[in-house]
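For the sequence shown, numbering that gives the first Met the number 0 gives the first residue as 0, with consecutive numbering after it.
Ideal placement from N, C-alpha and C gives every residue a C-beta, glycine not left out.
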Amino acid sequence: MTVALLGLIVYRRYFAQPSANKTPAEAKFDSLTARMGFNNDVVLHVAASLANASDNRLAQAIVSEASKNQVPIKTVSEFKTHTGYGLTGVVDGRIIALGSHTLMNELGIKTQIDHEQISQNIAPNIAILYVSINSYWAGIITVFDEQTHSF
């Protein structure tokens with residue numbers, strides 16, 4: 000998974016170009032890679048449900064993608080914003096975290112990815128957001144954003 004993700008990020012850095020008609024403040028959902036044992040729709044469902052409680056551009060890009068794909072968005076409880084790092088809360092009785100590698104480390108969640116290697120090869124306008132379900136790393140969402148990488 001690490002090699003595939005790194006290859007995808009390198010491809011996007013050198014070959015993919017952002018849309019010319021995008022406004023600078025707009026963040027756009029780029030991709031979702033679920034970890035083996037997790038389903039893409041479930042990861043998007045819990046991430047979008049959590050993100051729906053936030054007005055952050057990165058979070059709203061995830062909500063928009065879920066809506067576009069008709070993935071259900073549910074109410075979140077125990078919602079908390081970790082400024083600059085991400086979001087946590089409970090969706091469908093499961094503890095969800097969405098955010099940076101730093102947030103995952105602070106929560107004791109092992110991502111099994113060499114974040115330093117990925118960071119060196121990523122375009123400066125792609126944010127990598129980690130998703131965890133019940134303290135298990137479930138996947139990665141990338142979002143294109145010209146302004147910032149943090150919550």
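How far does the beta strand (DSSP E) with I127 in it reach, from first residue to last? I125 to I132
In whole angstroms, give me the CA-to-CA distance for I117 and I125. 11 Å
Quick one: Cα of A33 to Cα of E25, how far? 24 Å
Can you tell me the Cα-Cα spacing of A96 and S53, whole angstroms? 13 Å
Near S30, which residues of its chain fall below 6 Å by C-beta distance, leaving aside the five closest residues on each side in sequence? T141
Simplified DSSP assignment, three categories, for D54: coil
Assuming A102 is part of the alpha helix (DSSP H), what are its boundary residues? According to the sequence displayed, residue 102 carries Leu and not Ala. Segment H100 to E105, the alpha helix (DSSP H) holding L102.
Which residue or residues does DSSP assign as beta-bridge partners of S30? T141
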